[in-house]
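Participant:
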Amino acid sequence: TSMAAPHVAGFAALLMQGDLAGARQSFAAVPFPDGKLAGLAIVAQREGKQAEAEGYLRKLVALRGDDSAYRQAQVLAQWGRRDKALAAIELAFRIRDSNLTGLGQDPLFDPLRGTPQFRAMKQRMGFD
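The working numbering runs 23 ahead of the 1-based position in the sequence shown.
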């Protein structure tokens with residue numbers, strides 16, 4: 024269950040423009056529960072609703088466990104939790120999460136992009 028790239032790009036654009044209502048609406052329409060929960064966790068946190076955001080992340084983990092490592096990494100990167108996000112990417116790599124194919128271009132990882140750890144990880148995984 025991967026999130027369609029165009030949907031992520033549209034969501035990310037709304038998010039970066041500060042259109043949280045539009046981003047929330049966009050992600051509420053995602054047909055994949057893991058993508059929907061990750062997106063809603065990011066939006067809720069941006070809206071200052073940390074308890075709601077944490078609830079979405081817990082639901083994601085409960086629903087998919089380690090199989091949601093890539094989605095967890097997206098959320099954690101957007102929340103500014105770099106070390107946890109990098110650890111989740113590592114887990115996604117170990118379990119061969121098919122979503123990793125988007126790692127190089129995924130705008131939700133922009134907060135990690137400038138870090139040496141993320142660059143090294145991408146290179147080791149063959150994305151550079």
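Quick reminder that beta carbons are idealized off the backbone N, C-alpha and C, glycines included.
Can you give me the C-alpha to C-alpha distance between residue 120 and residue 71, rounded to a whole angstrom?
Facilitator: Rounded to the nearest angstrom, the two C-alpha atoms are 30 Å apart.
Participant: If the criterion is Cβ atoms closer than 7 Å, does the pair residue 67 and residue 61 meet it?
Facilitator: Cβ distance not < 7 Å, so residue 67 and residue 61 don't count as in contact.
Participant: Spatial neighbours of residue 130 within its chain, please: C-beta separation below 6 Å, excluding the five flanking residues on both sides.
Facilitator: Counting only Cβ-Cβ distances below 6 Å, and skipping sequence neighbours, we find 35.
Participant: Between the Cα of residue 108 and the Cα atoms of 48, 69 and 134, which residue gives the shortest distance?
Facilitator: The candidate whose alpha carbon is nearest that of residue 108 is 134.
Participant: Leaving out five residues on either side along the sequence, give the residues of the same chain with a beta carbon under 6 Å from the beta carbon of residue 63.
Facilitator: Excluding residues within five positions, the ones whose Cβ falls inside 6 Å are 50 and 79.
Participant: From the DSSP output, in three-state form, read off residue 65 for me.
Facilitator: Residue 65: helix per DSSP, three-state reduction.
Participant: Indicate the three-state DSSP secondary structure (helix, strand or coil) for residue 52 in the structure shown.
Facilitator: In the structure shown, residue 52 sits in coil (DSSP, three-state: anything other than H, G, I, E or B).
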